[in-house]
Amino acid sequence: MASLFQRRRNKATQVERVRERRHEGFLRYAGFRWAKISGGLCLLIIVSYALIDVTPRHNGGSWYGYTLGTIGAGLILWLTALGYRKRKMTSDHWSLKAWTSAHVYLGLSLIVVGTWHTGFQLGWNVHTLAWVLMMLVILSGLYGVIVYATLPAALSNNRDEMTQMQMLEAIRAFDRQLHSAAQPLTPEDTAPVLAALDEDPFAGGIGARLSGRYRNCATAAALRTLTLSRSSDTEAREKVVGLLKQKEAALARLRQHLRIRGLLEIWLYVHVPLTFALIAALSAHIISVFFYW
Amino acid sequence: MSFILRRISTTKTGKQIVRDQALPGDTITLGRDAGNVIHVADLAVNPHHATISSGDGRMVRVAAQEGLGFDLNGRSETVADIDSAAGAELRFGGHRLTIAREDDKIILLVERIDELSQSSKDVDEAKAFSLQGVMPGKRVGAWAFGVLMLLAFLIGPIWAWHSYKNVNERPDGYHADSAWLSGPLSSAHASLKNDCQSCHVEPFVAVTDKACVNCHTGEHKAMSMAHANAPAAMLLAARHPPGVGEKILAGFAKTFNKPQGRCVDCHTEHEGAGPMAATPQKFCADCHDGMQGRLKAAGHPTMLADASDFGTGHPEFRPLVRPAPGGKLVRTTLAKGVVDYNGLKFPHDVHLQATGGVARMAASFRGRYDFGKKLECENCHRVEADGVRVKPVEMERDCAMCHSLAFETVGGVTRTLRHGEPDQVVADLTAYYRSTPPSRPLQLGGMERRRPGAYAEGQVYNIYFNEVATRPSRAQDAVRAVFSKGGACYDCHTIFAPQAGNSWRVAAVDQTPRYLQKGWFDHDAHKETACADCHTAAPASKASTDLLVPGLRQCRDCHVGENGARIVKVETATESPCAMCHEYHSDGGKPWMPARQRKKKVAATTNQPIPGTYSVSLITGPEGRGLYDVTWRTPALHGARRGG
Numbered sequence: 018m019a020s021l022f023q024r025r026r027n028k029a030t031q032v033e034r035v036r037e038r039r040h041e042g043f044l045r046y047a048g049f050r051w052a053k054i055s056g057g058l059c060l061l062i063i064v065s066y067a068l069i070d071v072t073p074r075h076n077g078g079s080w081y082g083y084t085l086g087t088i089g090a091g092l093i094l095w096l097t098a099l100g101y102r103k104r105k106m107t108s109d110h111w112s113l114k115a116w117t118s119a120h121v122y123l124g125l126s127l128i129v130v131g132t133w134h135t136g137f138q139l140g141w142n143v144h145t146l147a148w149v150l151m152m153l154v155i156l157s158g159l160y161g162v163i164v165y166a167t168l169p170a171a172l173s174n175n176r177d178e179m180t181q182m183q184m185l186e187a188i189r190a191f192d193r194q195l196h197s198a199a200q201p202l203t204p205e206d207t208a209p210v211l212a213a214l215d216e217d218p219f220a221g222g223i224g225a226r227l228s229g230r231y232r233n234c235a236t237a238a239a240l241r242t243l244t245l246s247r248s249s250d251t252e253a254r255e256k257v258v259g260l261l262k263q264k265e266a267a268l269a270r271l272r273q274h275l276r277i278r279g280l281l282e283i284w285l286y287v288h289v290p291l292t293f294a295l296i297a298a299l300s301a302h303i304i305s306v307f308f309y310w
Numbered sequence: 013m014s015f016i017l018r019r020i021s022t023t024k025t026g027k028q029i030v031r032d033q034a035l036p037g038d039t040i041t042l043g044r045d046a047g048n049v050i051h052v053a054d055l056a057v058n059p060h061h062a063t064i065s066s067g068d069g070r071m072v073r074v075a076a077q078e079g080l081g082f083d084l085n086g087r088s089e090t091v092a093d094i095d096s097a098a099g100a101e102l103r104f105g106g107h108r109l110t111i112a113r114e115d116d117k118i119i120l121l122v123e124r125i126d127e128l129s130q131s132s133k134d135v136d137e138a139k140a141f142s143l144q145g146v147m148p149g150k151r152v153g154a155w156a157f158g159v160l161m162l163l164a165f166l167i168g169p170i171w172a173w174h175s176y177k178n179v180n181e182r183p184d185g186y187h188a189d190s191a192w193l194s195g196p197l198s199s200a201h202a203s204l205k206n207d208c209q210s211c212h213v214e215p216f217v218a219v220t221d222k223a224c225v226n227c228h229t230g231e232h233k234a235m236s237m238a239h240a241n242a243p244a245a246m247l248l249a250a251r252h253p254p255g256v257g258e259k260i261l262a263g264f265a266k267t268f269n270k271p272q273g274r275c276v277d278c279h280t281e282h283e284g285a286g287p288m289a290a291t292p293q294k295f296c297a298d299c300h301d302g303m304q305g306r307l308k309a310a311g312h313p314t315m316l317a318d319a320s321d322f323g324t325g326h327p328e329f330r331p332l333v334r335p336a337p338g339g340k341l342v343r344t345t346l347a348k349g350v351v352d353y354n355g356l357k358f359p360h361d362v363h364l365q366a367t368g369g370v371a372r373m374a375a376s377f378r379g380r381y382d383f384g385k386k387l388e389c390e391n392c393h394r395v396e397a398d399g400v401r402v403k404p405v406e407m408e409r410d411c412a413m414c415h416s417l418a419f420e421t422v423g424g425v426t427r428t429l430r431h432g433e434p435d436q437v438v439a440d441l442t443a444y445y446r447s448t449p450p451s452r453p454l455q456l457g458g459m460e461r462r463r464p465g466a467y468a469e470g471q472v473y474n475i476y477f478n479e480v481a482t483r484p485s486r487a488q489d490a491v492r493a494v495f496s497k498g499g500a501c502y503d504c505h506t507i508f509a510p511q512a513g514n515s516w517r518v519a520a521v522d523q524t525p526r527y528l529q530k531g532w533f534d535h536d537a538h539k540e541t542a543c544a545d546c547h548t549a550a551p552a553s554k555a556s557t558d559l560l561v562p563g564l565r566q567c568r569d570c571h572v573g574e575n576g577a578r579i580v581k582v583e584t585a586t587e588s589p590c591a592m593c594h595e596y597h598s599d600g601g602k603p604w605m606p607a608r609q610r611k612k613k614v615a616a617t618t619n620q621p622i623p624g625t626y627s628v629s630l631i632t633g634p635e636g637r638g639l640y641d642v643t644w645r646t647p648a649l650h651g652a653r654r655g656g
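One line per chain: the protein sequences are X and L, in this order. According to my numbering, the residues represented by the first sequence are 18 to 310, in order. According to my numbering, the residues represented by the second sequence are 13 to 656, in order.
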């Protein structure tokens with residue numbers, strides 16, 4: 018018996034290895050298994066909704082509504098458990114990849130489960146609030162899936178085979194060179210250079226991070242000032258200007274890197290807090306139904 | 013006086029190497045320029061930043077040269093006198109100048125304390141490159157949002173409930189539990205929108221009938237009599253076997269304490285603003301569809317036929333009829349040959365013919381009555397004031413226009429026989445013959461002189477005086493004539509000849525006011541339809557015993573099931589749930605229906621004159637044929653003018 022399980026496990030590991038080799042992502046995991054399952058679930062719900070005659074009309078309080086509501090609440094809790102599951106790594110046949118694949122597709126099917134549960138009766142109340150939060154969580158997740166599928170390529174192109182720390186190190190090197198090259202400059206010219214040196218490459222709020230536009234960039238300002246300045250020794254200034262240009266390029270690469278990483282991460286700042294808001298609103302929704310039964 | 017410049021460098025192993033260098037002269041310059049005695053390679057330091065001098069070898073004066081000052085103990089200064097024995101720390105840009113005194117020598121220690129640039133500072137890679145640095149943490153957000161939701165939408169509403177727990181009526185204003193409102197209340201309950209507790213009294217207890225009855229006092233019984241009188245076992249047996257869905261719902265209901273059979277099971281709320289929805293057909297059909305078989309199987313045989321949907325599954329009507337003259341009323345299934353004795357003789361066919369005597373008589377009365385070229389149903393049948401049912405036919409109002417009972421005119425006033433009182437008819441006729449002389453024969457007129465005494469039979473006075481003598485006994489003949497074939501009474505009534513101790517008797521007339529006792533038919537709602545469209549047998553009916561109540565077949569020409577189910581072809585379908593005709597609570601009233609589904613009530617009632625009757629119509633004649641607005645006027649009695 019034990020050997021039977023052993024063999025089965027070996028087989029599973031083998032299948033997993035094949036998948037690894039083909040670089041099968043969570044979206045196309047096991048030939049879109051979970052996409053098919055959740056698609057089937059949605060189809061089943063839509064068709065049965067149309068066929069089943071509920072009196073006086075479809076809403077969350079009919080037997081059909083209760084069924085969908087229970088499925089939906091269960092799904093929400095299970096989907097939330099991904100946050101726990103991902104911290105417990107295993108390579109078994111319920112791998113994290115399988116779990117993520119199911120999370121994505123079952124999460125999308127929740128649009129149908131939740132919306133059809135409402136019977137399309139929406140209003141300004143806690144019940145609709147829970148639905149809205151659920152939709153926001155799903156939409157942010159959908160955004161996450163899309164950026165996970167598209168942005169890593171851009172991230173890789175931008176890095177140009179550098180690590181993050183190498184990008185930062187390049188800036189540090191230009192800073193050092195700038196510091197020594199700027200020594201002969203007049204105080205008027207050193208001030209902008211000093212400001213450029215004082216600039217934190219990681220500064221800027223969430224807006225600057227995501228847009229990649231840094232309006233008060235001191236390096237760009239120093240470059241502008243020194244290009245126009247006539248006060249210092251020309252040769253020294255030219256050298257500083259050249260260094261500033263190089264630093265600006267390095268900074269641009271780092272900022273693009275930060276921007277793409279920001280876009281890859283920002284949805285989680287919506288997805289996770291709203292998930293807990295959703296669970297709270299869902300509890301209020303369920304308790305309210307039974308409280309005013 | 014000598015200054016010593018001390019430099020400290022740190023080896024890779026962390027070991028510090030101290031190098032001292034004596035500086036020449038009493039005044040030492042400090043700056044970025046290479047020509048300074050102390051050269052500080054710091055962009056934040058001016059080329060010739062400051063001079064350091066000492067007069068007595070103890071006090072040190074530091075003076076800034078080019079406007080830019082220095083920091084002394086955290087304050088910005090341009091000149092400072094420092095006791096070297098006490099020591100001090102000065103800051104020039106990113107460098108620190110420490111002044112101290114050792115062995116009568118002033119030690120100047122210069123070291124870089126700031127990083128060369130901001131980027132040179134150490135960073136936590138995981139934090140700096142991700143959004144952690146610029147966004148509030150996810151965990152914080154999760155907690156904040158979660159707690160906010162629970163406060164606003166769980167604690168708040170429960171608090172609102174708690175604070176008005178034993179209050180009869182809540183004050184106006186916002187109550188947190190209105191966030192729980194699952195849908196708008198019906199218009200009747202709209203005022204309770206802020207007062208959830210008026211119905212949801214106890215938490216986790218489904219709305220009870222008690223909450224309804226608190227306001228709805230005695231409006232109707234909880235159940236119709238028919239249902240309330242039935243044993244509970246029978247009612248339970250009548251229910252159809254639950255489907256999958258109902259099993260689920262029943263499971264929910266049982267698990268979460270939601271008893272069945274409450275008012276709110278049918279009178280559903282929170283289904284949208286506007287009037288409360290009528291009870292759906294399914295509520296009835298759940299039991300009545302296939303009920304006979306189930307009840308029989310359960311040992312409760314019933315006469316009730318199965319009904320599932322008006323369009324497809326409804327038993328034939330069972331009107332209340334009198335199967336024999338003078339017999340009792342019984343409910344009988346409508347079928348060909350069912351008779352209803354109301355005591356009258358009335359051939360509908362003769363009265364409704366387009367040609368013939370009746371039509372000609374009606375046509376001759378045009379202008380006097382609302383008759384057309386022939387008689388119409390509404391010329392004789394009037395509806396009740398509410399328009400629902402048809403009034404029983406009354407002789408004086410509905411027949412006497414043609415069927416006159418006049419027998420004499422006295423000074424222009426017509427005397428008629430008293431309808432409905434045969435004894436009075438006999439008395440009136442007898443009195444008439446007793447009190448009036450016969451008309452004078454022609455032979456007795458003129459100026460011709462005649463001999464008296466010619467009274468014997470065959471003689472001239474005998475014509476008149478014999479008549480006078482025998483006149484009172486003529487009354488018997490007249491009475492007999494009136495009650496016999498060809499007489500005024502006999503035409504319409506069944507007459508019983510005088511028997512021992514009895515005078516002439518007329519069979520009682522009993523017109524059934526409502527044939528369909530279990531359903532509700534509203535004539536007013538159907539007044540756009542011609543009578544004969546439903547009462548199809550009327551134009552050809554030869555006897556008044558023909559039952560002219562329309563059958564299911566006629567209704568189904570327009571009425572289909574609640575969801576449009578039908579057996580026959582219907583052009584303009586009217587979806588008809590059970591509640592359109594059947595009243596569950598059996599309080600005798602009209603079945604309730606939301607206002608928007610009701611037909612507009614525009615029926616002119618029989619006893620009201622139509623507007624304008626007394627003004628223009630006197631000149632132009634009545635407008636239209638006014639279906640139900642015939643008013644009673646004294647019949648014109650041609651026969652009376654001729655002397656009876």
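The C-beta atom is built at its ideal place from N, Cα and C for all residues, glycine as well.
Does residue 182 (chain X) have its Cβ less than 8 Å from a Cβ in chain L?
At least one beta carbon of chain L lies nearer than 8 Å to the beta carbon of residue 182 (chain X).
Under a Cβ-count criterion, where at least 16 other Cβ atoms within 10 Å of its own Cβ denotes burial, should residue 428 (chain L) be classed as buried or exposed?
Around the beta carbon of residue 428 (chain L), 16 or more other beta carbons sit within 10 angstroms, so the residue counts as buried.
In whole angstroms, what separates the C-alpha of residue 426 (chain L) from that of residue 566 (chain L)?
Rounded to whole angstroms, residue 426 (chain L) and residue 566 (chain L) show a C-alpha spacing of 45 Å.
Check distances from the C-beta atoms of the stretch 42 to 59 of chain L to those of chain X and list, in chain order, the residues that come in under 8 Å.
Flagged, chain order: 44, 53, 55, 56, 58, 59.
Rounded to the nearest angstrom, what separates residue 633 (chain L) and residue 390 (chain L) at their Cα positions?
A caution first: residue 633 (chain L) carries a pLDDT of 36, below 50, which makes its placement in the model unreliable, though a value can still be read off. About 19 Å.
So, with DSSP's three-state summary, where would you put residue 579 (chain L)?
Shown here, residue 579 (chain L) sits in coil according to DSSP, grouped into three states, outside any helix or strand.
If you measure beta-carbon to beta-carbon, which residues of the stretch 203 to 234 of chain L are closer than 7 Å to chain X?
From the stretch 203 to 234 of chain L, only 208, 212, 215, 216, 217, 218 have a Cβ closer than 7 Å to chain X.
Would residue 182 (chain L) and residue 221 (chain L) be called neighbours here (beta carbons separated by less than 8 Å)?
Their beta carbons are not under 8 Å apart, which means residue 182 (chain L) does not touch residue 221 (chain L) by this criterion.
Can you say whether residue 30 (chain L) is buried or exposed, counting buried as having 16 or more other CB atoms within 10 angstroms of its CB?
Classification of residue 30 (chain L): exposed, given that the 10 Å Cβ count is below 16.
Who pairs with residue 117 (chain L) in a beta bridge, going by DSSP?
In the DSSP output, where bridge partners are listed per residue, residue 117 (chain L) has L:114.
In chain order, what residues of the same chain lie with their CB nearer than 7 Å to the CB of residue 619 (chain L), ignoring the 5 residues before and after it?
Summary for residue 619 (chain L): the model assigns pLDDT 38, below 50, so the residue's position carries little reliability; its value from the coordinates is reported in the next sentence. The answer, listed in chain order, is 397.
Residue 306 (chain X) to residue 216 (chain L) span [Cα, whole Å]:
Using only the alpha carbons, I get a separation of about 9 Å.
Three-way DSSP call (helix, strand, coil) for residue 356 (chain L) in this model
Secondary structure of residue 356 (chain L) (DSSP, three-state): strand.
Would you check if the stretch 66 to 83 of chain X and the stretch 129 to 137 of chain X touch, i.e. whether three or more CB-CB distances between them fall below 8 Å?
Yes: at least three Cβ pairs fall under 8 Å.
Can you tell me which of the three DSSP states residue 60 (chain X) falls into?
In the three-state scheme derived from DSSP, where H, G and I count as helix and E and B as strand, residue 60 (chain X) is classed as helix.
Buried or exposed for residue 631 (chain L), going by 16 or more other Cβ atoms inside 10 Å?
Unreliable placement is indicated for residue 631 (chain L), whose pLDDT of 36 sits below 50; the coordinate value is still reported in the next sentence. Of the residues assessed, residue 631 (chain L) falls on the exposed side of the cut-off, its CB having fewer than 16 other CB atoms within 10 angstroms.
Secondary structure at residue 281 (chain X), three-state DSSP: helix, strand or coil?
The three-state secondary structure of residue 281 (chain X), taken from DSSP, is helix.
Alpha carbon to alpha carbon, what distance is there between residue 519 (chain L) and residue 367 (chain L)?
Inter-residue distance for residue 367 (chain L) and residue 519 (chain L) is about 31 Å (C-alpha atoms, whole angstroms).
contact_flag[the stretch 106 to 125 of chain X, the stretch 151 to 159 of chain X] where n(CB pairs < 8 Å) is 3 or more:
Taking one beta carbon from each stretch, the stretch 106 to 125 of chain X and the stretch 151 to 159 of chain X have 3 or more pairs nearer than 8 Å; the two touch.
Using only the heavy atoms of the ligand FAD, determine whether one of them is closer than 7 Å to the beta carbon of residue 528 (chain L).
No copy of the ligand FAD appears in this structure; indeed no ligand is present at all.
Are the stretch 164 to 181 of chain X and the stretch 21 to 40 of chain L in contact at 8 Å, needing three or more beta carbon pairs?
Contact fails between the stretch 164 to 181 of chain X and the stretch 21 to 40 of chain L, because fewer than three Cβ pairs, one in each stretch, are under 8 Å apart.
With distances taken from CA atoms, which of L:326, L:185, L:378 is nearest residue 203 (chain L)?
When only C-alpha atoms are compared, the closest one is L:185.
Residue 260 (chain L) versus chain A: which residues are under 9 Å apart at the beta carbon?
Here the protein chains are X and L, and chain A is not one of them.
Given a cut-off of 8 Å on the beta-carbon distance, is the pair residue 528 (chain L) and residue 328 (chain L) in contact?
Contact: no.
Determine which residues share a DSSP beta bridge with residue 410 (chain L) and list them.
In the DSSP secondary-structure assignment, residue 410 (chain L) is not bridged to any residue.
CB-CB length for residue 295 (chain L) against residue 588 (chain L), believed under 8 Å:
That belief does not hold up - the Cβ atoms of residue 295 (chain L) and residue 588 (chain L) are roughly 15 Å apart, past 8 Å.
Across the stretch 142 to 152 of chain L and the stretch 87 to 101 of chain L, are there enough close Cβ pairs to call them in contact, namely three or more that are closer than 8 Å?
The stretch 142 to 152 of chain L makes no contact with the stretch 87 to 101 of chain L, as fewer than three CB pairs between them are under 8 Å.
In angstroms, rounded to a whole number, what distance separates the CA positions of residue 94 (chain X) and residue 296 (chain X)?
Roughly 8 Å between the two C-alpha positions.
Taking the CB atoms as reference points, tell me whether residue 354 (chain L) and residue 522 (chain L) lie closer together than 8 Å.
For the 8 Å CB-CB criterion, residue 354 (chain L) and residue 522 (chain L) form a contact.
Using Cβ-Cβ distances below 7 Å, what residues of the stretch 278 to 291 of chain L are close to chain X?
So the close ones are 280, 283, 289.
C-alpha distance - residue 40 (chain X) paired with residue 237 (chain X), whole-angstrom precision
C-alpha separation (whole angstroms): 42 Å.
What is the rounded straight-line gap between the Cα of residue 155 (chain L) and the Cα of residue 291 (chain X)?
Cα to Cα, the separation comes out at about 10 Å.
Quick check: is the beta carbon of residue 279 (chain X) nearer than 8 Å to any beta carbon in chain L?
Using a CB distance cut-off of 8 Å, residue 279 (chain X) counts as an interface residue toward chain L.
Below 9 Å on C-beta distance, what does residue 271 (chain L) contact in chain X?
Under the 9 Å cutoff, chain X gives no residues; its nearest Cβ is about 11 Å from residue 271 (chain L).
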